[in-house]
Each structure stands twice: as structure tokens, then as C-alpha cells.
Amino acid sequence: MSSAILFRSRTAARREPRSGMEPPGGPVRAAKGVVLLLACAVVVLPFVAVVSTSLADQAQINAAGGYVLWPDHPTLDAYRAIFAGGVVSRALVVSLGVTVVGTLLSLTCSALLA
């Protein structure tokens, strides 16, 4: 037997992409990347705005007209005010308890029915 039959050529011909798929690169792929980046910005930017505004003091928020994307002097006063009253802390404990009890009940029922 000849060696050509035993071994495949290492320089195989390049296959054409399957129908419906464009080759890597090109303007279509670049446009998809731009659309994806814009979609990510639309999703992430509101979270950044809320968190950064929560780190600003009230005077800076009022001066900026509602949202501050980069506070001059970040502070945790808003979080201290929320947790100082005890209402939010109590609500978090109740939510955690309901979640744990619900999860354990669901696991128990699932295990018994399996």
C-alpha cells in the first residue's frame, strides 16, 4: 500500500462554510458586535447609575438633577440610613427565612416524589 492511502494529506482543501453561515470577520460580524455592545450598555448603564447615585450625597444628587454617574465624594450614608431604621433589616431576615423554608420544603417534596 502506498503512503498516500494510509495518511491523509495535511494540506486538506479548505471547506466552504455551511449555508446560512457567513465566514469569520467581515462587516456583518462587526455590525453584530456593535449591536451587542449597545445592548449591553442599555442593560448595564441603569445599574451603574443607580449604584453610583446611591453613593453620592443628597446635595450632589439635587445639583445634578437626579442621577450622578461619578460621585465627587462617595459615601455610604444612604445605606446607613436605610439599615438604621430596622425595617429593611427585618424585611431581609423575613425574606431569607421564607426562601430557606420554601427551598427545604421543595427539596423534601421532590425527594419524596422521586
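The sequence shown begins at 22 in our numbering and counts up one residue at a time.
All C-beta atoms, glycine included, are put in the ideal place defined by N, C-alpha and C.
These numbers come from a predicted model, not from an experiment.
Checklist entry - Is it a yes or a no for the stretch 98 to 109 touching the stretch 119 to 130, going by three-plus beta-carbon pairs under 8 Å? => result no
Checklist entry - Comparing alpha-carbon positions, which option in 47, 114, 89 and 100 lies nearest residue 71? => result 89
Item to check | residue 92 (DSSP reduced to helix, strand or coil) | outcome: coil
Item to check | C-alpha gap between residue 131 and residue 114, whole angstroms | outcome: 26 Å
Checklist entry - Excluding sequence positions up to five away, which residues of its chain have a Cβ less than 8 Å from the Cβ of residue 75? => result 99 and 100
Next on the checklist: Using a 10 Å radius around the Cβ and a threshold of 16 neighbouring Cβ atoms, would you call residue 135 buried or exposed?
Outcome noted: exposed
Item to check | Cβ shell of residue 96 (< 8 Å), same chain only, five flanking positions each side left out | outcome: 76, 77 and 78
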